[in-house]
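Asks: Quick note, the sequence shown lines up with residues 1352 to 1677 if you use the numbering used here.
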Amino acid sequence: MAKNKKTDDHGWDVGGRRREEDPDIQFLRLKARKARPAKALLWAILVALLIVIYLLQNPVAQNVDIPAVDYNPAGKQAAYKLTEIWLKDNPLGKNAVITSWDGYKETTYKDGDKTIPVYRHDLTVESSLGWWTVRTTIRTDSNSLLGYPSATRKSLPSNATPNGNITWPGTLSDATASDALTRLLTQWGQAYVGHDADMLTTIVKDPDTRIKYRPLRLSDKAQATVDKGRYLDRGDVDKDENMSDRAVFRVNIELPEDQTATSTDPDLQSDADMDSDGSDRGATDSSTLSYDVVVADPDGSPSIVAWGAPGDGPNLKDYQNRKGRQ
């Protein structure tokens, strides 16, 4: 048997004892453990601040329902078409054309015991006899015409005057057409009485590219001139300067004498080209047409947004001359 190994520890097993760690190291470790929660809290505060700053600079968009603009309400196309057919017989004078659609109202019509829902559409018509408001009633169940359209002569404001002394009620101050704006208005005048629908649509620059504007198809050799204009009291108004970003200008369009006959638009022609007296069915007594034309941003990048009867400029609404999606 092996003899027990002698040790000189005198009974004390010093070999199994752990050496004590350096007090300085113990202090540093204790300090590090205590610092961890504070460090984590500091990082959490920093992240929260970054999130708050981001949200302030990039607010979350609110979920707002934006109403869709209806460029083609029920019966609008039918009202246009049926009114054009009615105008073929010259009830309002020769060369009658629809210049704008002015809105509609949903109502009902009594037919005995039956109640028929209908839409009453208001349209502005220009003819050799002047300007008219035509009301066309369309049945909602069949898109057919109810009776005949009614027409009233479009009255001008009591203080409307001829071109030599143009005034518009409720306007701000005189507006002077720049060279660029004069060029735009004369191009519009020539295109509006011409035959090129694409050219007219391009000049108007409607923000809705689905819209196509129809010219009068009277002459491709017309000359247009621009009379004085006025700033309208609407849109972005500068009260100090008495100006705004909307202005109305009077545009006169002169047609050649040999081209004042009926429109070549097939939708506006009758079966017979001549009246009973042998004269052209669409010939006009005057070779000059006048319009109030509303311009957006007249002093910057001008664009044409509406046109209508002389004197009616302050009442014209932006893009009211849209016929609808083509």
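Think of the CB as a built atom: it goes at the ideal place given N, C-alpha and C, for glycine as much as any other residue.
#1: Does any heavy atom of the ligand ZN sit closer than 7 Å to the C-beta of D1559?
#2: I need the straight-line Cα distance from R1585 to R1673, nearest angstrom please.
#3: Closer than 8 Å is the cut-off here; do at least three beta carbon pairs connect the stretch 1496–1503 with the stretch 1555–1574?
#4: Can you give me the start and stop residues for the alpha helix (DSSP H) that I1349 sits inside?
#5: Count the other CB atoms, across all protein chains shown, that sit within 10 Å of the CB of N1666; report buried if there are 16 or more and exposed otherwise.
#6: Can you tell which of T1522, D1473, R1565, K1445 has its C-alpha closest to the C-alpha of W1539?
#7: For the alpha helix (DSSP H) containing T1552, list its first residue and its last residue.
#8: Determine the direct distance from the alpha carbon of V1577 to that of A1660, and round the result to whole angstroms.
#9: Counting C-beta neighbours from all protein chains within 10 Å, is the total for G1454 16 or more, i.e. buried, or is it exposed?
#10: Are the Cβ atoms of S1652 and L1606 separated by less than 8 Å?
#11: Can you look up Q1671 in the DSSP assignment and give me helix, strand or coil?
#12: Rounding to the nearest angstrom, what Cα-Cα distance links R1601 and A1526 in this structure?
#13: Keeping to the same chain, check which residues put their C-beta closer than 7 Å to that of Q1574; ignore five residues upstream and five downstream.
#14: Contact between the stretch 1438–1453 and the stretch 1475–1488: three or more CB pairs below 8 Å?
#15: What are the boundary residues of the alpha helix (DSSP H) that A1542 is part of?
#16: Going by DSSP in three states, A1526 sits in which element: helix, strand or coil?
#17: Work out the CA separation of P1500 and K1432 for me, nearest whole Å.
#18: Taking just the CA atoms, how far does Q1428 sit from I1489?
#19: Whole angstroms is fine: what's the gap from L1532's alpha carbon to I1655's?
#20: For Y1564, which of helix, strand or coil comes out of DSSP?
#21: Compute the Euclidean distance between the alpha carbons of G1426 and A1598, then round it to the nearest angstrom.
#22: With distance defined between alpha-carbon atoms, name the residue in I1467, K1505, D1596 nearest to D1492.
Replies: According to the data block:
#1: This structure lacks the ligand ZN; in fact it carries no ligand of any kind.
#2: 21 Å
#3: no
#4: Given a span of 1352 to 1677 for the chain in the structure shown, any question on residue 1349 remains unanswerable.
#5: buried
#6: R1565
#7: 1548–1555
#8: 15 Å
#9: exposed
#10: no
#11: coil
#12: 11 Å
#13: E1605
#14: yes
#15: 1530–1543
#16: strand
#17: 12 Å
#18: 10 Å
#19: 10 Å
#20: coil
#21: 32 Å
#22: I1467
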